[in-house]
Structure formats: structure tokens, C-alpha cells
Amino acid sequence: MTDLPATPITQDVLTIPRKLPEGGPVNIIGLTRDQLRAALIAAGTPQAQAKMRVGQVWQWVYHWGVRDFAAMTNLAKGYRALLEKTFTIELPQVVTRQISADGTRKYLVRIAGGHEVETVYIPEDGRGTLCISSQVGCTLTCSFCHTGTQKLVRNLTAAEIVGQVMLARDDLGEWPVQGAPKDETRLISNVVLMGMGEPLYNFDNVRDAMKVVMDNEGLTLSRRRITLSTSGVVPEIARTAEEIGCLLAVSFHATTDEVRDRLVPINKRWNIRTLLDALRDYPRLSNSERITFEYVMLKGVNDSDADARRLVRLIAGIPAKINLIPFNEWPGAPYQRSDWDRIEAFADIIYKAGYASPIRTPRGEDIMAACGQLKSATERARKSRAGVIAPPAAQ
Ligand code: SAH
Ligand code: SF4
Numbered sequence: 003m004t005d006l007p008a009t010p011i012t013q014d015v016l017t018i019p020r021k022l023p024e025g026g027p028v029n030i031i032g033l034t035r036d037q038l039r040a041a042l043i044a045a046g047t048p049q050a051q052a053k054m055r056v057g058q059v060w061q062w063v064y065h066w067g068v069r070d071f072a073a074m075t076n077l078a079k080g081y082r083a084l085l086e087k088t089f090t091i092e093l094p095q096v097v098t099r100q101i102s103a104d105g106t107r108k109y110l111v112r113i114a115g116g117h118e119v120e121t122v123y124i125p126e127d128g129r130g131t132l133c134i135s136s137q138v139g140c141t142l143t144c145s146f147c148h149t150g151t152q153k154l155v156r157n158l159t160a161a162e163i164v165g166q167v168m169l170a171r172d173d174l175g176e177w178p179v180q181g182a183p184k185d186e187t188r189l190i191s192n193v194v195l196m197g198m199g200e201p202l203y204n205f206d207n208v209r210d211a212m213k214v215v216m217d218n219e220g221l222t223l224s225r226r227r228i229t230l231s232t233s234g235v236v237p238e239i240a241r242t243a244e245e246i247g248c249l250l251a252v253s254f255h256a257t258t259d260e261v262r263d264r265l266v267p268i269n270k271r272w273n274i275r276t277l278l279d280a281l282r283d284y285p286r287l288s289n290s291e292r293i294t295f296e297y298v299m300l301k302g303v304n305d306s307d308a309d310a311r312r313l314v315r316l317i318a319g320i321p322a323k324i325n326l327i328p329f330n331e332w333p334g335a336p337y338q339r340s341d342w343d344r345i346e347a348f349a350d351i352i353y354k355a356g357y358a359s360p361i362r363t364p365r366g367e368d369i370m371a372a373c374g375q376l377k378s379a380t381e382r383a384r385k386s387r388a389g390v391i392a393p394p395a396a397q
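Written out as C-alpha cells, the structure reads:
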């Protein structure tokens, strides 16, 4: 189940040169409707027309996927020229795209400053999940996570977060064609904030980006199709429900503070009890909007029957499902994946206690696209260069 056939990996280089904004024109991507309205007014749009103009520009950009103001044919030529002068429509740049034997696509995405993040598209029967990043690197240092070995470089802007959804749509050819019958199939049916970074440490940009993605005109992903995964930033958990309203996943991973301190060091700040209290108070908690508890299966570390029973006791009363993630290995990782029968025995205990306990099938492992394997290519290269012993100087 976990081993993928050794089919050759496809790797394309899709370097599309796009100019990056340099403090001059304002990038329209990632602005909320209110921000866009204010920006259009600042550019000279009469107050009374601003709402209508927002609607028009919004539809061109997020419904039709247009990147050129000149193509916005329901706007007067002079107004298009004004927009052209004041604004840009900029996406991050796709540097490489890798396609796994199982169809998973991993994009290496370059953002301003030459930094890189990864975005992963995971196709499933008739639908698909896009896993997006919220930071370059991560401040946290979860010991089983490849991203955690990379220092935080910076937060992504709202434009760079929304841009990941748009560039995946570009690659998948998912923009509607004018005049063609409406196609209801959604290649990107779900978005998960489970890529690089801790989304709740970049709250405002993540919230604004999700507002754009969830807007009911344009990208139109419902809030129930967006899942934000956090390692447990307790003070921001209630805000996630109130200001974003998406589903919540929590990287739980251990059933004692002693083990969780080692695996998810943020536990030293907000321990298991504090985290669970915050989840019990989660404003949207209901059976239809259960919290997902993510639990990485590490051999001999957190995978015993006693752990499974403790887990069930700890989460009693919380509408929840437990997503078991077989550990995805990466070079130099200090853990091993639990054996398959161990994972199944663990899942069985949880299931018998009344919780859904799906085991996440690792996807895209051959291109290092599975959960927790992401790390920017430049960082990887830097590390491996550092590991190379310098050749002796020429005589
Ligand atoms: N920073 C957020 C979201 C990104 S990680 C968080 O920690 O929740 C998405 C999920 O993958 C988290 O549950 C994370 O703990 C898990 N993960 C990280 N490294 C992993 C690995 N090597 N194998 C399996 N899951 C991993
Ligand atoms: Fe950061 Fe999440 Fe990785 Fe922990 S698991 S280091 S919070 S990305």
C-alpha cells in the first residue's frame, strides 16, 4: 500500500518570467474585497462606482483567470489604462513541476526575494486536494518534520498564498472557457494549509487569503472544503473559527506531555491539557465540523496500544476524527515508520471507541511531496553542499 511503482518521475522546467512588484504598482492578487475597493478609490475610481468596479475586476481575475487588464472588455479603455498603470496581477513563479507515479504534482514556487516554497496537488477520484504553504520554513522545530529543520525565512503574503491556488489552476487548466457550457467538476475541490510553515503564526495573511479563496464569486471554495492544520498555537485557535471559519486539524502526535514535548516542542508552551481545553471551546465544534487530530505513526515512540487508549480518553467529548499518518521518511530523519500491522491495530482501538480513524495513504513519496517532506530545494542544496568536504587545493 505504501510502496509506489518505480515509474520514472516527470520533471518539467516551467520558468515563466514574470516581473515582480518593487514597491510601485499594487498587486491585485490577495487583496480582500474591502482592500481592493480602497485601492481602486485611491487610484481615482469614484466612490459611487467602486463597489461595481470591484465586482468586475474580481470576476475577471478570480472567475476567468485573466492576467491582463487590457482583456477586461467590460471596462472603458481609459479605465483599463488607469488600472494598467497602477496595478499588477502577479502570481509567484513556478520554477519546477514534478509529477509522481501516482499523479501527485509538486510545484517548486519562487516568491519575491528569491525564496522558495512548495505546493502539492493530490488528485483523487474526480476531485483533488491542494496542499499550500504559509511560510518559508518554520519557526517550530518538530523533530519528525523536514520543514522543521529549515529556519523560518519569512511569512508568505496573502498574494503568495492565493497565488498558489491560482498557479495550480493554471497548470491543471481549470479556468472556465468563455462561451463553453459550465463545468461543475472541480479538479481542486479542497485546500489544506498543510504545506510548509505554521499557518497560525501568519494569521492575518492566511485569513485574508482564505477570504479571497472562499469568496462566493471567483475561486468559490466553501469554508468546509478548507482545512487549516496547526501544531497547537492555542491563542489563535478561537480566532480561526471566528475570522476564517474553516475546518481545523491539529497536529497532536503524542498522548503524554513528555513525548509531545519532544515531538512537537510548542507543547512546552501550550501543553496537551491547554490545547484540549482550547479545542473544547472551539466555536464551531459540532458533529458535522469535527476537529481532525493528526497523529504521525513513529515506530516505538507513540504507537503502542496504551497510546491509542490514552488518546481516546484524552479527546473524550470532542467531536473528532483521528487521521493516522504513517511517518514519511526524509534523509537523516531520526525516526522510522511504524509497521503496518501496528498502525492497523492502533486504528482499530480508536475505531472501536467510536471515532473515525482513517490511515492517510502516503502520496507522492517518490518526489518527496508527502506530508512533512517539504523543504525548499535551495535549502536542500545548501545543506548538501555544506556536507561536502572541500577537495584539496590544487598543487
Ligand atoms: N505546521 C502545521 C501544518 C503543516 S504540517 C502543522 O504542524 O500542523 C502538516 C502535517 O504533516 C502535520 O500534522 C505534521 O505534523 C505532519 N508531518 C510533518 N512531518 C511529517 C512526516 N515526516 N511524516 C508524516 N507527517 C508529518
Ligand atoms: Fe512547522 Fe508543522 Fe513542521 Fe512542526 S510539523 S516544524 S509546525 S511545519
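Counted the way the working numbering counts, the sequence shown spans residues 3 to 397. Note that CB positions come from ideal geometry on N, CA and C, so glycine has one too.
Query raised in the report: Expressed to the nearest angstrom, what Euclidean distance is found between the alpha-carbon atoms of residue 284 and residue 243?
Result: Locating residue 284 in the sequence shown gives position 282, counting from the first residue. Locating residue 243 in the sequence shown gives position 241, counting from the first residue. Each residue's Cα considered, the two are about 7 Å apart.
Query raised in the report: Does the segment 130-140 touch the segment 152-163, meaning 3 or more C-beta pairs lie closer than 8 Å?
Result: yes
Requested in this report: Determine the burial state of residue 48: buried for a count of at least 16 other Cβ atoms within 10 Å of its Cβ, exposed for fewer.
Outcome: Residue numbering aside, residue 48 sits at position 46 when the sequence shown is read from its first letter. Burial is judged here by how many other beta carbons sit within 10 angstroms of a residue's own beta carbon; residue 48 has fewer than 16 and is exposed.
Report task. Report yes or no: do the segment 300-314 and the segment 343-358 share at least 3 C-beta pairs separated by less than 8 Å? Result -> yes
Query raised in the report: Cβ-heavy atom distance between residue 139 and the ligand SAH below 7 Å?
Result: One-based indexing of the sequence shown puts residue 139 at position 137. Incorrect: residue 139 has no Cβ contact closer than 7 Å to the ligand SAH.
Query raised in the report: How about residue 1 and residue 167: are their beta carbons less than 8 Å apart?
Result: Given that the chain is displayed from residue 3 to residue 397, the structure contains no residue 1 and the question cannot be resolved.
Query - Contact set for residue 72: own chain, Cβ-Cβ below 8 Å, skip 5 residues either direction - result: Taking the sequence shown and counting its residues from 1, one reaches residue 72 at position 70. Once the five neighbours on either side are set aside, the close Cβ partners of residue 72 are 82 and 86.
Query - Bridge partner(s) assigned by DSSP for residue 109 - result: Taking the first residue of the sequence shown as position 1, residue 109 is located at position 107. Answer is 99 and 121, bridged to residue 109.
Report task. Rank 114, 98, 218 and 88 by C-alpha distance to the C-alpha of residue 60 and give the top, closest one. Result -> Here residue 60 is taken as the residue at index 58 of the sequence shown, counted from 1. Checking every option, the nearest Cα to that of residue 60 belongs to 218.
Query raised in the report: With residue 372 and residue 359 assumed to form a contact (beta carbons below 8 Å), what rounded beta-carbon distance in angstroms separates them?
Result: Position 370 of the sequence shown, counted from the start, is the residue given in the question as residue 372. Position 357 of the sequence shown, counted from the start, is the residue given in the question as residue 359. That belief does not hold up - the Cβ atoms of residue 372 and residue 359 are roughly 19 Å apart, past 8 Å.
Query raised in the report: What residue does the alpha helix (DSSP H) around residue 230 start on, and which one ends it?
Result: What you label residue 230 is simply residue 228 of the sequence shown in a count that begins at 1. Looking at the DSSP string, residue 230 is not in any alpha helix (DSSP H); the run it does join, the beta strand (DSSP E), is 228-232.
Query raised in the report: Secondary structure at residue 184, three-state DSSP: helix, strand or coil?
Result: Locating residue 184 in the sequence shown gives position 182, counting from the first residue. Here residue 184 sits in coil by DSSP.
**Report entry** Assigned exposure category for residue 130 - 16 Cβ within 10 Å defines buried
**Finding:** The residue given as residue 130 occupies position 128 in the sequence shown. A residue is called buried when at least 16 other Cβ atoms come within 10 angstroms of its Cβ; residue 130 meets this threshold and is buried.
Query raised in the report: Looking only at C-alpha atoms, which of 305, 228 and 215 sits nearest to residue 258?
Result: Translated into the one-based positions of the sequence shown, residue 258 becomes position 256. For the residues 305, 228 and 215, the minimum Cα distance to residue 258 belongs to 305.
Report task. Could you check what DSSP says for residue 143 in three-state terms: helix, strand or coil? Result -> Along the sequence shown, read from residue 1 onward, the residue named residue 143 stands at position 141. Three-state result, residue 143: coil.
**Report entry** Burial state of residue 23 (16 or more Cβ within 10 Å)
**Finding:** The count along the sequence shown starts at 1 and reaches residue 23 at position 21. The predicted model places residue 23 with a pLDDT of 37, which falls under 50 and marks its position as unreliable; any figure quoted below should be read in that light. Residue 23 comes out exposed.
Requested in this report: Using only alpha-carbon positions, find the residue among 340, 41, 75 and 97 that is nearest to residue 361.
Outcome: Translated into the one-based positions of the sequence shown, residue 361 becomes position 359. Of the listed residues, the one whose Cα sits closest to residue 361 is 340.
Requested in this report: Measure the beta-carbon distance from residue 58 to residue 33 and round it to whole angstroms, keeping in mind my assumption that it falls under 8 Å.
Outcome: Here the question's residue 58 lines up with position 56 in the sequence shown. Here the question's residue 33 lines up with position 31 in the sequence shown. Not a contact, Cβ separation roughly 14 Å.
Report task. Quick one: grab the DSSP three-state call for residue 211. Result -> Mapped onto the sequence shown, residue 211 falls at position 209. In this structure, residue 211 counts as helix in the three-state DSSP scheme.
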